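Protein chains in written order, with this note's numbering: chain E, 447 to 786; chain F, 2 to 309. Some notes on the structure that comes next.
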Amino acid sequence: MGNLNEKKIGNLSDPKLPYDYMNRECGTVPLDANRPPFQWVSEVAYKNIHRIVSRGYDTTELVEQGYGVVDLLFIDFQARIPTLEEEKMLNYILILSLEDGLSMPAVMSRLVAKSKTFLTQACGSSILAFGHAYGAYSAFGDMVAEYLRRARKEGLSQSEMAQILVQEQPPGDILGISDLMLEDPAAKRLLARAEKLGVAGEHIAFLGEIAKAAQDQDESPVDVDMLGATGATMMDLGFTPEAIWTIIAVTRSFGAGAHFIEEIEREDFCRLGETLTPKEYYDGPEDRPVPPLADRHKTAQPAQTHNLESWRESFEKRKKLYGSGFSIVEEIEDPTKTKI
Amino acid sequence: MKEENKKQKLKNREPFLKRKTAISYKTEEKTVLRGYNLSDLAEEGYSFCDAMFVLLQGRIPTEPEEKMLKYEMGEFMEHSMSPSAASSIAVTAGRPNLPAAVAAAVMTFGSAHGPGAAHGYMMNKYLERARKEGKSIDEMAKILVDEYLDNNVPVMGMGQPQHRDGDPRAEPTHLKQEELKIDGLYLEFQRAIEKHFHARRKEEGRSYVPVNCVGAGNTALCDIGFSPNAAWCIGSMVRGYSCAAHAVYTLKKGRAWAASRNEPMVQMLDLSMINYIGPKDRPVPPQEERQQYAMKQKESGDYKKWVI
């Protein structure tokens, strides 16, 4: 059967390879004696046999003193005890974020439930619904923070910077401003509560300016929506965009848990192969015969292109097949603009 | 085409999934949870914990019940390095979107890590047996403990691998339940289970294994009216908050990939962290020898000790 160092294996003796593959060392890498061994390093929390400590506070002592989950969110994410007003405000936001009918997180939870899984898998999948379009708190927060930074740097008022933001963002696609809450007063009540509690700050003020600028520009009516109201208020409470994104996604997962339970209570599980897709739903290539395997060389078309024009032509052709991914173009970070 | 779809979508706000639901509805004017306008609930001054009762039980809780849930969620939220936090940190090392790390964290809750639903189902099953068989709570607790231990099955709600002297959250939770005077049948049963569990282990000369946070917390959740799955949902999802904090911390202050050799401390995925104990390195047989090699390997059966 040969040994590791004698035989040629495929291309592994090719001189173009960066080192001698046929004589690579075997065995694992010894422990590094020059550096301390791995430990879980955390600024957030630690525990020992008798204590669990978050940002310096013993969590059992916290709850014994009457602090609750809302306070703990400030402690874990901001390393501080919130004021009573801040606690009330976040509490208010969490209630509004708890449930939203048969929206995407609930649907995802229910779909996962249908395959008979653990509840936690369904709730976890609901969290995955929070991307850069649905529940885009991070994208919203980054946008607001960036324009506020620019306003300070360029010496512009919030109102002036809001006008610039509205012009620079895709028309009708400004995060936090939409036509979704024109009839539902919940977002405006949330902002009013922030004012009443005295926790409203520059982010809420800026959101108001963005709304005004968007209303001036948009032909159809728009206003602050729940994404904007929640995001701006939580930023005024000191949460980062990333913290807001995850906190709201987790909050909704409780609601998703109820949907998981109800789906099991009221509906059947779904077996592999059970779901049909009627042909009228299908608009892909027409039905066609499978060519004999022996004829593959006659029918199969290679994907490779060898010049830019044929590459482009091929690319455009592939875009016509939905599900191939060629119609999706994702922006990647411009390395020349990367902040170091 | 895409623009047309977008416009159409704006006009049509119908749900993706057509379902009858008793949880909530949402119109252009309001979102209504179990009959209550969500915005009104918040305006009225109800707490997030109150809303959890509405969501999962369809009712406004009493003040002590709300206090108990606040206590329970507060104490269960952060647990430093557990499977859930470790998962969120490990997933963040790959730098996906943050929700992926949080989702992974809450998905670690299974049959060993925070098995809240299983504990609840265990309690309900034996309580029902007590009712049907005319046994007292104490008698049924002894039956439960004996049935589990006689069959070498761990009693759910007992023991925690890190807090060897007792989970610091557990007994205070029992005490809080008693202080708030919401100690119901479940706490009585749980206390009885603990009594018989400790007695039996002592009798067998085994070490003391105290109640854990599932045993205590889930008992409280059961006594304030949550179903096993609802209780599990509360316990597992609230941990998602702290795992999110661990993920954000790792994202902002940790190294992607967790294997850098430039960090002062050896990293989680440094090559030297690998302790391999599998089959020794062996040559890959060429294809022409493959069939003979494979048959010999199969016949020898040595591989079976590695099958997982």
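Backbone N, C-alpha and C fix where the C-beta goes; we use that ideal spot for every residue, glycine too. On a predicted model such as this, the values are computed, not experimentally measured, just so you know.
| Query | Result |
| --- | --- |
| Starting from Ile138 (chain F) and walking both ways along the alpha helix (DSSP H), at which residues does that stretch end? | 138-151 |
| Which residues bound the beta strand (DSSP E) around Ile183 (chain F)? | Neither: Ile183 (chain F) is in no beta strand (DSSP E) and is coded neither H nor E. |
| With burial defined as no fewer than 16 other Cβ atoms inside 10 Å of the residue's Cβ, what is the status of Phe17 (chain F): buried or exposed? | exposed |
| When burial is assigned at 16 or more other CB atoms within 10 Å of the CB, is Trp258 (chain F) buried or exposed? | exposed |
| Which residue wins for smallest C-alpha separation from Thr32 (chain F), given the options E:Gly769, E:His705, E:Gly547? | E:Gly547 |
| Under 6 Å from any heavy atom of the ligand MG, does the C-beta of Lys599 (chain E) make it? | This structure lacks the ligand MG; in fact it carries no ligand of any kind. |
| To the nearest angstrom, report how far apart Gln747 (chain E) and Asp741 (chain E) are at their CA atoms. | 12 Å |
| Could I get the ranges of all uninterrupted alpha helix (DSSP H) runs contained in the region 636-689 of chain E, with 4 residues as the minimum, in chain order? | 648-663, 672-682 |
| Please report the residue range of the beta strand (DSSP E) in which Thr506 (chain E) lies. | Run containing Thr506 (chain E): none in the beta strand (DSSP E); it sits in the alpha helix (DSSP H), 505-510. |
| Quick one, which residues of the region 470-481 of chain E are near chain F if we go by CB-CB under 7 Å, in chain order? | Cys472, Thr474, Val475, Pro476, Leu477, Asp478, Arg481 |
| By the DSSP assignment, the alpha helix (DSSP H) with Lys599 (chain E) in it spans what residues? | 583-600 |
| Three-state secondary structure (DSSP) at Asn469 (chain E)? | helix |
| If you measure beta-carbon to beta-carbon, which residues of the region 109-131 of chain F are closer than 7 Å to chain E? | Phe110, Gly111, Ala118 |
| Whole angstroms are fine: how far does the CA of Tyr538 (chain E) sit from the CA of Asp184 (chain F)? | 29 Å |
| Just the C-alpha distance for Pro528 (chain E) and Glu688 (chain E), rounded to the nearest angstrom, thanks. | 19 Å |
| Ends of the alpha helix (DSSP H) at Val515 (chain E)? | 515-524 |
| When the Cα of Gly701 (chain E) is compared with those of F:Phe198, F:Lys136, F:Leu34, F:Lys19, which residue comes out closest? | F:Leu34 |
| Tell me the rounded alpha-carbon separation between Thr90 (chain F) and Gly255 (chain F). | In the sequence on display, residue 90 (chain F) carries Ile and not Thr. About 9 Å. |
| Quick one: residues in its chain with C-beta nearer than 8 Å to the C-beta of Ser40 (chain F), no 5 flanking neighbours on either side, listed in chain order? | Lys31, Thr32 |
| Tell me where the beta strand (DSSP E) around Lys27 (chain F) begins and ends. | 25-27 |
| Can you tell me which of F:Asn263, F:Lys297, F:Ala231 puts its alpha carbon nearest to the alpha carbon of His120 (chain F)? | F:Ala231 |
| Between which two residues does the beta strand (DSSP E) containing Thr32 (chain F) stretch? | 32-34 |
| Name the residue from E:Ala651, E:Glu600, E:Phe761, E:Ile498 whose alpha carbon lies nearest to the alpha carbon of Gly771 (chain E). | E:Phe761 |
| Pick out whichever of E:Gly502, E:Ser561, E:Ile498 has its Cα sitting closest to the Cα of Gly719 (chain E). | E:Ser561 |
| Given a threshold of 16 other Cβ atoms within 10 Å of its Cβ, counted over all protein chains shown, does Pro100 (chain F) qualify as buried or as exposed? | buried |
| Chain E partners of Arg60 (chain F), CB-CB under 8 Å? | The contacting residues do not exist; Arg60 (chain F) stays about 13 Å from chain E at best. |
| Closer than 7 Å, CB to CB, is Arg170 (chain F) near chain E or not? | yes |
| Which chain F residues are close to Lys763 (chain E), counting only those with a beta carbon under 7 Å from its beta carbon? | Within 7 Å Cβ-Cβ: nothing; Lys763 (chain E) doesn't reach chain F, min ~16 Å. |
| Quick one: Cα of Lys21 (chain F) to Cα of Leu626 (chain E), how far? | 23 Å |
| Can you name, in chain order, every residue of its own chain whose Cβ lies under 7 Å from the Cβ of Phe190 (chain F), other than the five neighbours on each side? | Met124, Leu128, Ile138, Ala142 |
| Inspect the beta-carbon positions of Val670 (chain E) and Ala633 (chain E) and report whether they are closer than 7 Å. | yes |
| Is Ala104 (chain F) helix, strand or coil by DSSP? | helix |
| Kindly indicate which three-state DSSP category Ser500 (chain E) falls into: helix, strand or coil? | strand |
| To the nearest whole angstrom, what separates the beta carbons of Gly622 (chain E) and Leu602 (chain E), a pair I think is in contact under 8 Å? | Rounded, the Cβ-Cβ distance is 19 Å, inconsistent with contact. |
| What's the gap between the Cα of Arg481 (chain E) and the Cα of Asn263 (chain F)? | 10 Å |
| Quick check: the Cα distance between Thr251 (chain F) and Phe576 (chain E), rounded to an integer number of angstroms? | 20 Å |
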